[in-house]
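For reference, the structure discussed in these notes is given below.
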Amino acid sequence: MNQQFQIRIKDAKAQLQAHTGAAPHEPAAGQVLLQVSAASLNYRDLLTLQGAASGAARDGLVPLSDAVGTVLAVGDGVRGWQVGDRASPNFFPAWVDGRFDPSHLQQALGGGNTDGVLSQKLLVSAQSLVAPAAHLSDEEAATLPCAGLTAWHAMFERGQVQAGETVLVQGTGGVALFGLQLAAAVGARVIVTSSSHAKLERARQLGAWATIHYGETPDWDQQVLSLTEGLGADHILELGGPDTYDRSIRAVASGGRIAQIGVLSGFNARPDIQSLQFKNARIDGICVGSVAQLRRLNQFMAQHRIRPVIDRVFDFEDSPAAYTHLASGQHFGKLVICL
Ligand SMILES: NC(=O)c1ccc[n+]([C@@H]2O[C@H](COP(=O)([O-])OP(=O)(O)OC[C@H]3O[C@@H](n4cnc5c(N)ncnc54)[C@H](OP(=O)(O)O)[C@@H]3O)[C@@H](O)[C@H]2O)c1
Numbered sequence: 001m002n003q004q005f006q007i008r009i010k011d012a013k014a015q016l017q018a019h020t021g022a023a024p025h026e027p028a029a030g031q032v033l034l035q036v037s038a039a040s041l042n043y044r045d046l047l048t049l050q051g052a053a054s055g056a057a058r059d060g061l062v063p064l065s066d067a068v069g070t071v072l073a074v075g076d077g078v079r080g081w082q083v084g085d086r087a088s089p090n091f092f093p094a095w096v097d098g099r100f101d102p103s104h105l106q107q108a109l110g111g112g113n114t115d116g117v118l119s120q121k122l123l124v125s126a127q128s129l130v131a132p133a134a135h136l137s138d139e140e141a142a143t144l145p146c147a148g149l150t151a152w153h154a155m156f157e158r159g160q161v162q163a164g165e166t167v168l169v170q171g172t173g174g175v176a177l178f179g180l181q182l183a184a185a186v187g188a189r190v191i192v193t194s195s196s197h198a199k200l201e202r203a204r205q206l207g208a209w210a211t212i213h214y215g216e217t218p219d220w221d222q223q224v225l226s227l228t229e230g231l232g233a234d235h236i237l238e239l240g241g242p243d244t245y246d247r248s249i250r251a252v253a254s255g256g257r258i259a260q261i262g263v264l265s266g267f268n269a270r271p272d273i274q275s276l277q278f279k280n281a282r283i284d285g286i287c288v289g290s291v292a293q294l295r296r297l298n299q300f301m302a303q304h305r306i307r308p309v310i311d312r313v314f315d316f317e318d319s320p321a322a323y324t325h326l327a328s329g330q331h332f333g334k335l336v337i338c339l
């Protein structure tokens, strides 16, 4: 048997529902069967649930993209994976390496028509799998595939964050805290914004160089400029969307880069990009990352002994409560579900 959660749509409303069904079939050629031990939530999973009744997910979809499990069986032709190995599937299973192809979007785990990972047993393609860094627990490793990889891709695959450069991250959710930890590990000066003094204190303990309360300092872009002697931030993880984009453009340094990642205040950002021209600055569109990039992120985490920040771990049957907690915005870092 196999237990999972599904998004069920009834009377134009979507909700999570526990489902017990038959175990998946034996893995086909190129596939691996995983026993999932931990999964993590991302802001995207809230959007998927909230938007399911209007087409963001089909009725019966298994949600979530990020998980870690143990290999139970391997299909014909699979090389490099054996029963008992620990493995994590990539957010885009078919984006193995190289340039992004738009077809990968339809195959992202836990969205649209593609079942995700909130399932005790999971069939995945062997080419999508990465071995998590050995120093990470299953709960910690399950936080990497979306939030960790997005921050890594922005700052170290596309950007090349260097020691002494200034990095700005917005808020204290999953992507932002990975951004803080990864950039601080190479000696960058990380500025963190938050709506909570208590969270800013925790960010300083994690290595933030400076912190700004964006509720009390709504013109935080000016604060970034004054902290950097008028130069601005070399790298910005733009997570807020319409509420933050123009300020990110004002706060970015000449020659700097903004990673366009988030939609926390909506999808309709219409930033005024004119000044980027006179700064020789750029915007990089970032959409999670490839299997090869996830592998390099795990190597970096191992090299620097970085442990992801987990706010709370939920039991499998309490999965709906994990969504409620994410929606509350009270979390600092990642929410994990143990299966
Ligand atoms: N492009 C991609 O590939 C990609 C990948 C992953 C995530 N994302 C997007 O990135 C964003 C962050 O995702 P996540 O999973 O890290 O979210 P999350 O863990 O839920 O983080 C939410 C936190 O962001 C902060 N926040 C909320 N509204 C804000 C605003 N207007 N300005 C500044 N900070 C704000 C709050 O922090 P405080 O409580 O400290 O104020 C909140 O707790 C989401 O929009 C998500 O959809 C995109």
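Counting along the sequence shown from 1, when you hit position 100 you're at 100 in UniProt numbering, and nothing is skipped either side. Heads up, the beta-carbon is just placed ideally off N, CA and C, and yes, glycines get one too.
Query                                                                                                                                                                                                     : Result
Does the Cβ of F332 lie closer than 8 Å to at least one heavy atom of ligand 1?                                                                                                                           : yes
In whole angstroms, what separates the C-alpha of G55 from that of S226?                                                                                                                                  : 45 Å
Taking only three categories from DSSP, how would you classify G69?                                                                                                                                       : strand
So, under 8 Å CB-CB, A118 and S319 are touching, yes? Tell me the CB distance rounded to an integer number of Å.                                                                                          : A quick correction: the sequence has Leu, not Ala, at residue 118. Confirmed, Cβ separation roughly 6 Å.
At the level of alpha carbons, what is the spacing between residue 355 and A251?                                                                                                                          : Given that the chain is displayed from residue 1 to residue 339, the structure contains no residue 355 and the question cannot be resolved.
Measure the beta-carbon distance from G241 to S265 and round it to whole angstroms, keeping in mind my assumption that it falls under 8 Å.                                                                : 5 Å
Grab me the residues of A233's own chain with a C-beta within less than 8 Å of its C-beta, minus the 5 sequence neighbours each way, in chain order.                                                      : T166, V167, L168, I191, V224, A251, V252, A253, G256
Cutting at 7 Å between CB atoms, please list the residues of its own chain near G148, excluding the five before and the five after it.                                                                    : F178, L297, P308
How would you call L116, buried or exposed, if buried means at least 16 neighbouring beta carbons within 10 angstroms?                                                                                    : Residue identity differs from the one stated: residue 116 is Gly in this sequence, not Leu. Buried is the call here.
Which residues in the same chain have their Cβ closer than 6 Å to the Cβ of A29, if we skip the five residues on either side of it in sequence?                                                           : G75, D76, G77
If you run the structure through DSSP and keep just helix, strand and coil, what is L16?                                                                                                                  : strand
Buried or exposed: R44, going by 16 or more other Cβ atoms within 10 Å of its Cβ?                                                                                                                         : buried
F278 to E229, Cα distance in whole Å?                                                                                                                                                                     : 18 Å
Leaving out the 5 sequence neighbours to the left and right, which residues in its chain are closer than 7 Å to L109 when beta-carbon positions are compared?                                             : S65, P89, F91, P93, G116, V117
DSSP puts Q277 in a beta bridge; with which residues?                                                                                                                                                     : The partner list for Q277 (beta bridge, DSSP) is empty, contrary to what the question assumes.
Are the CB atoms of L41 and K121 nearer to each other than 9 Å?                                                                                                                                           : no
If we ignore side chains and look at the alpha-carbon of each, how far apart do F300 and L47 end up?                                                                                                      : 30 Å
Using 8 Å as the cut-off, can you tell me whether the stretch 182-201 makes contact with the stretch 259-274, which would need three or more C-beta pairs spanning the two stretches below that distance? : no
G21: which of V130, W209, F5 sits nearest, CA to CA?                                                                                                                                                      : F5
Distance, Cα to Cα, A52 vs A327?                                                                                                                                                                          : 16 Å
Can you check whether the CB of A163 is closer than 9 Å to the CB of A203?                                                                                                                                : no
Anyone know if the C-beta pair for V83 and A142 falls short of 9 Å?                                                                                                                                       : no
In terms of residue numbering, what span does the beta strand (DSSP E) encompassing I212 cover?                                                                                                           : 210-213
Just mark S195 as buried or exposed, buried being the case when its beta carbon has 16 or more other beta carbons within 10 Å.                                                                            : exposed
Where do the N-terminal and C-terminal ends of the alpha helix (DSSP H) with F300 fall, by residue?                                                                                                       : 291-304
Going by alpha carbons, who is nearest to H304 out of D315, G289, G215, Q181?                                                                                                                             : Q181
Expressed to the nearest angstrom, what Euclidean distance is found between the alpha-carbon atoms of Q170 and E26?                                                                                       : 44 Å
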